[in-house]
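Letter 29 of the sequence shown, counting from 1, is numbered 78 in our numbering, and no numbers are missing.
Using N, Cα and C, we set each Cβ at its ideal position, and we do this for glycine too.
Worksheet: one structure, shown below.
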Amino acid sequence: MDALSGVLRAVRLTGAVFFQADFTAPWALESPESSMLAQALLPDARQVVLFHLVRGGRCWVDVPGQPRIELGPGDVIVFPLGDRHVMGSGAAEAVTPVTALFPGPPPFVRPPRLAYGGGGAATGLVCGYLYLERVFFSPLFGTLPRVLVARPDDGAAGAMLRSSAGILAAALEGCETTSDATPLDPSAPGGAEVLARLTELLFVEVLRRHMAKLAPEEVGFFAAIRDPGVGRALEAFHREPCRPWTVEQLARQAAMSRSGFAARFVELLGESPAQYTLRWRLRLAAQRLRETTDSIAEVATESGYASEAAFSRAFKREHGLAPGRFRSGPP
């Protein structure tokens with residue numbers, strides 16, 4: 050398992066389709082910051098990653114402080130930090146909040162199909178979101194740019210994107226064209242899970258495309274897992290995160306000297322290997338406290354601590370609360 054797959058599996062990335070849209074020019078709609086939508090979409094969410102897939106037609110996207118982005122058929126745009134943005138086509142006289150088009154408050158039983166615009170050139174969209182637990186959000190997505198755009202016309206590199214986007218769009222069209230529940234209908238047994246996996250596949254492909262285009266001087270989590278040496282060490286660690294890894298052992302995985310590995314690790318991730326592994330185990334511990342009934346002592350042992358007291362001290366330093374209070378507190 051590669052490092053990216055291992056990390057995304059560990060953090061339980063969850064995706065869903067929010068709505069479909071059939072807009073006609075001129076139109077302009079504003080999407081609020083994701084934090085304003087998060088609580089309505091998922092009760093324990095603080096922030097979600099928003100994305101739009103262009104099924105057909107063309108549109109533009111305006112993000113504060115950035116040049117206008119033009120999108121065409123098959124393009125995918127992702128907002129890792131959930132920035133407020135305006136999408137449109139043509140010269141619309143006014144910007145309408147997209148929430149004004151919703152048939153009711155989210156979440157929806159099945160993705161609604163929104164229609165809006167002035168009757169001109171048509172644009173079809175699939176809009177969705179992805180979510181992972183708050184304790185994992187910043188270390189993974191905090192170093193991503195505010196906007197990611199992936200286009201399907203990149204030759205062989207665009208093949209997987211075209212395939213992922215096409216399957217997702219076809220799945221949703223199937224939901225719309227039959228009156229009977231199908232496996233791709235979110236209201237059918239397993240239907241929401243199928244759509245979730247399709248949105249996650251699309252997002253992972255966008256991340257892979259982003260990683261492939263990173264400049265050599267880039268730093269951060271995604272630059273680190275792409276790095277030949279540090280990436281191998283991260284892959285080994287995330288495969289067995291509770292193993293008591295030493296810097297020497299991780300350096301051997303990276304096929305680097307101890308000092309060279311440690312320096313490169315800090316350069317890419319801004320913290321030492323020991324700090325990174327400690328903090329990641331404590332994030333996994335937080336996840337386990339919330340999702341299981343395991344005792345604090347059991348979580349401490351699984352996290353590599355010899356005593357519950359030592360674990361509790363480290364946990365409070367990282368998360369600001371003792372394990373018991375964290376477990377019983379708000380998400």
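Legend entry - residue 83, buried or exposed, once every other Cβ within 10 Å from all chains shown has been counted against 16: Residue environment analysis places residue 83 among the buried positions, since at least 16 neighbouring C-beta atoms fall within 10 angstroms of its C-beta.
Legend entry - Sequence-distant residues of the same chain with beta carbon closer than 7 Å to residue 294, five excluded per side: The beta carbon of residue 294 sits closer than 7 Å to those of 286, 326, all from its chain and outside the five residues before and after it, given in chain order.
Legend entry - Inter-residue spacing [alpha-carbon to alpha-carbon] between residue 341 and residue 74: Per the coordinates, the alpha-carbon of residue 341 lies some 50 Å from the alpha-carbon of residue 74.
Inset, instruction - Spatial neighbours of residue 357 within its chain, please: CB distance less than 8 Å, with the 5 preceding and 5 following residues excluded, ordered by chain position. - result: Exclusion of the five residues before and after residue 357 leaves 345, 346, 349 as the residues of its chain whose Cβ lies within less than 8 Å of its Cβ.
Inset, instruction - Please go through the same chain and pick out, in chain order, the residues whose beta-carbon is closer than 6 Å to the beta-carbon of residue 219, but skip the five residues on each side of it. - result: Apart from the 5 residues on each side of it in sequence, residue 219 has no Cβ closer than 6 Å to any other Cβ in its chain.
Inset, instruction - Please list, in chain order, all residues of the same chain as residue 252 whose beta carbon is under 8 Å from its beta carbon, the five residues on each side excluded. - result: Sequence-distant Cβ neighbours of residue 252 in its own chain, meaning closer than 8 Å and more than five residues away, are 62, 64, 98, 100, 127, 179.
Inset, instruction - Verify whether the separation of the beta carbon atoms of residue 171 and residue 106 is less than 8 Å. - result: A contact, by the Cβ cut-off of 8 Å.
Inset, instruction - Give a yes or no on whether the C-beta atoms belonging to residue 210 and residue 248 are separated by under 8 Å. - result: No, these two residues do not count as a Cβ contact at 8 Å.
Inset, instruction - Return the CA-CA distance between residue 108 and residue 70, expressed in angstroms with no decimal places. - result: In a straight line, the C-alpha of residue 108 is about 12 Å away from that of residue 70.
Inset, instruction - Count the C-beta pairs between the stretch 253 to 260 and the stretch 288 to 306 that are closer than 8 Å, then say yes if the count reaches three, no if not. - result: Using a C-beta cut-off of 8 Å, the stretch 253 to 260 makes no contact with the stretch 288 to 306, since fewer than three inter-stretch Cβ pairs fall below that distance.
Legend entry - Option in 119, 368, 377 with minimal Cα separation from residue 339: When each option's Cα is compared against that of residue 339, the closest is 377.
Inset, instruction - Determine, using beta carbons only, whether residue 278 and residue 310 come nearer to each other than 8 Å. - result: Yes. Within cutoff.
Inset, instruction - Using only alpha-carbon positions, find the residue among 123, 194, 317 that is nearest to residue 115. - result: Among 123, 194, 317, the Cα nearest to that of residue 115 is on 194.
Legend entry - Given residue 198 as reference, the closest of 316, 336, 306, 110 once Cα atoms are compared: By alpha-carbon distance to residue 198, the top candidate from 316, 336, 306, 110 is 110.
Inset, instruction - Buried or exposed for residue 202, please, with buried defined as at least 16 other CB atoms from any protein chain shown within 10 angstroms of its CB. - result: Exposure of residue 202 is indicated by the presence of fewer than 16 other C-beta atoms within 10 angstroms of its C-beta.
Legend entry - Distance CB(residue 76)-CB(residue 141) smaller than 8 Å: In this structure, the beta-carbon distance from residue 76 to residue 141 falls below 8 Å.
Legend entry - Whole-angstrom distance between residue 374 and residue 360, CA atom to CA atom: Answer to the nearest angstrom: the Cα atoms are 14 Å apart.
Inset, instruction - Using the Cα positions of residue 304 and residue 323, report the straight-line distance between them to the nearest angstrom. - result: For residue 304 and residue 323, the gap between their C-alpha atoms comes out near 18 Å.
Inset, instruction - Would you mind reading off the limits of the beta strand (DSSP E) that contains residue 138? - result: Taken as a continuous stretch (DSSP letters only), the beta strand (DSSP E) holding residue 138 covers 134 to 138.
Legend entry - Complete beta strand (DSSP E) runs within the stretch 107 to 184 (minimum length 3 residues, chain order): Runs found: 108 to 111, 118 to 120, 125 to 128, 134 to 138, 162 to 166, 171 to 180.
Inset, instruction - Look at the alpha carbon of residue 353 and the alpha carbon of residue 190, and state the distance between them as a whole number of angstroms. - result: When the Cα atoms are used, residue 353 and residue 190 turn out to be separated by approximately 26 Å.
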